[in-house]
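See structure below.
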Amino acid sequence: MAAAKIRFECNQCGYETPKWMGRCPTCEQFNTLEEKTARPAPGKGGAGLASFSQKDAAKPMLLRDIPVKAGGSEARKATGIPELDRVLGGGLVGGSLLLLGGDPGIGKSTLLLQICRQMASEKFPILYISGEESASQIKLRAKRLGVDVSGLYFLAETDLNAIQAATEKIKPALLLIDSIQTMRLSELSSLPGSVTQVRECTAFFTQIAKIHRAAVLLVGHVTKEGAIAGPRVLEHMVDCVLYFEGEGRDAYRVIRAVKNRFGSTHEIGVFEMGEKGLTAISDPSAYMLAGRPIGVPGSAVCCSLEGSRPLLLEVQGLVSHTHFGTPRRTANGMDYNRMVMLLAVLEKRANYKLATYDSYVNIAGGMRIEEPAADAAVIAAVASCYKNKALDPAYLVLGEVGLAGELRAINQPERRITEAVRQGFTACVLPAANKKTVKNTEGMRIFGASHIGELLGLLL
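Following my numbering, the numbering of the sequence shown begins with 110 at its first residue and continues without gaps.
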């Protein structure tokens with residue numbers, strides 16, 4: 110009998126080496142290399158994949174002979190939660206693997222039970238597997254949420270062999286795993302949640318999804334940086350990656366798709382957390398603008414595109430004279446470095462003396478803006494507070510700002526303007542390049558500006 114090969118694997122990044130080292134050369138972390146036993150030979154249960162019957166194995170086909178559904182789209186099953194269906198691209202696709210990540214206590218398990226309440230039936234059986242909570246804990250939450258439907262099965266288990274047996278028996282159309290970091294393959298000596306276990310367990314559930322044409326939803330823990338814990342390859346293995354975002358002090362929650370093989374990416378769904386679980390917010394623009402102060406300096410409204418959804422957001426700016434040598438800069442809801450750059454442009458190109466003022470920028474409602482189309486609104490909000498003059502509340506401000514102070518064109522301005530008209534806005538200031546091409550602006554007065562000087566002249 111051949112001796113087992115000794116190898117060491119980093120529990121942070123998955124780096125493998127035949128000898129132990131105190132520091133991983135890839136992620137540069139100390140004491141992360143763990144000794145691993147050799148993987149069992151194929152057919153002995155390695156990764157649990159060889160135990161699937163050979164009749165389930167896929168057979169090669171000519172590309173031209175592969176059947177395609179009408180319209181070229183996969184068959185979808187609506188979840189019954191409109192905001193979630195929007196993010197998924199219309200619903201769940203059979204044979205797909207989805208990954209849902211989010212902070213502890215944000216509502217991931219609550220969302221899973223609400224999906225069960227809407228979808229579970231005798232014709233659409235659902236198997237809910239929990240590796241973190243007992244059956245009684247899940248039952249109490251289900252009772253609070255009013256989940257009492259047929260076709261919903263529950264199993265408190267972490268071993269993949271037991272999960273495979275239950276899957277073969279029930280043959281669920283939807284498999285829910287809470288969470289992937291608690292699952293373990295007994296043939297591997299590493300602990301649950303390690304790089305090897307997470308990778309092999311995900312590969313196991315991928316096989317289940319593809320062979321049984323079941324939709325599999327994995328819940329993933331996140332690190333303190335907000336990324337899903339485990340190897341980065343985990344996000345490459347799945348078909349859809351969803352992030353559950355929100356602050357504990359805020360009632361709203363956002364589900365964001367950062368990867369979706371069956372729909373568009375960066376779509377968002379907005380929910381409100383209450384005693385009865387998550388409630389979809391059908392009009393998030395009105396929700397985010399509720400309580401906006403009128404006639405107060407330092408407030409401007411922009412429109413951010415989240416996937417295909419235009420979302421109106423209030424940008425707040427505050428400047429206050431400082432008695433210290435170095436002024437303070439604080440950004441909440443946008444990139445700090447971009448805010449500092451915009452303040453420098455405002456001081457250099459518009460002659461605003463901000464060197465002796467503390468400056469604060471906040472995206473009201475706790476949302477975060479990534480796209481540069483909100484640059485002009487940041488400039489307008491800060492300038493409004495500096496001049497102590499309120500902007501007209503009926504104005505929408507759009508545009509990307511360059512280092513020369515120029516306003517550069519943004520994408521899809523008509524969609525943003527349409528949403529603003531729906532919310533009652535009557536005027537819009539946008540880059541001059543966009544004004545030449547924008548059509549269908551009924552109910553909206555359009556003003557073009559090519560420089561921040563022109564922008565501030567129109568608004569102030």
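Ideal Cβ positions, reconstructed from N, Cα and C, are used throughout, including at glycine. Fair warning: this is a prediction, and the values are worked out from it, not measured in the lab.
In the three-state reduction of the DSSP assignment, Pro419 falls in the strand class, which pools E and B. Contact between Leu294 and Leu221 fails: their C-beta atoms lie close to 23 Å from each other, not under 8 Å.
Restricting attention to beta strand (DSSP E) runs no shorter than 3 residues, the region 280-313 encloses them at 283-287, ordered along the chain.
When DSSP states are grouped into helix, strand and coil, Glu143 belongs to the strand group.
Rounded to the nearest whole angstrom, the C-alpha separation of Ala541 and Thr535 is 18 Å.
If you check the CB distance, Val428 and Tyr466 come in under 7 Å.
When the Cα atoms are used, Ile272 and Cys310 turn out to be separated by approximately 11 Å. Residue pairing from DSSP places Val410 in a beta bridge opposite Glu423.
The residue among Ile478, Leu463, Ile364 and Gly386 with its C-alpha nearest the C-alpha of Leu208 is Ile364. Taken in chain order, the unbroken stretches of beta strand (DSSP E) that lie wholly in the region 181-240 and span 3 residues or more are 206-211 and 235-239. Here Ser468 is bridged, per DSSP, to Val428 and Arg438.
Looking at Gly552, Gly557 and Val538, the one whose alpha-carbon comes closest to that of Lys545 is Gly557. Counting C-beta pairs with one atom in each stretch, the region 367-378 and the region 333-352 have three or more that are closer than 8 Å, which means they touch. DSSP, read as helix, strand or coil, puts Pro540 in strand.
With respect to the C-alpha of Val325, the residue from Met450, Ser468, Pro393 and Leu236 having the closest C-alpha is Leu236. For Gly198, the closest of Val405, Arg418, Glu515 and Gly400 by C-alpha to C-alpha distance is Arg418.
Each of Leu283, Gly255, Asp257 and Asp287 was checked against the Cα of Asp268, and the nearest Cα belongs to Asp287. With respect to the 7 Å criterion, Ile478 and Met443 are classified as neighbours on the basis of their beta carbons. Ala492 and Arg517 have their alpha carbons spaced roughly 19 Å apart.
Restricting attention to Ser468, Lys217 and Met382, the CA atom closest to the CA of Ile289 is found in Lys217.
The C-beta of Phe433 has fewer than 16 other C-beta atoms within 10 Å across all chains shown, which makes the residue exposed. Taking 7 Å as the cut-off, the beta carbon of Ile488 is found closer than this to the beta carbon of Leu455.
For Asn120, no beta strand (DSSP E) run applies, since DSSP gives it neither H nor E.
A distance of 7 Å or more separates the beta carbons of Pro234 and Ile190.
The continuous beta strand (DSSP E) containing Met382 extends over residues Ile377 to Gly383. Distance between Leu261 and Arg132, taken at the CA atoms: about 47 Å.
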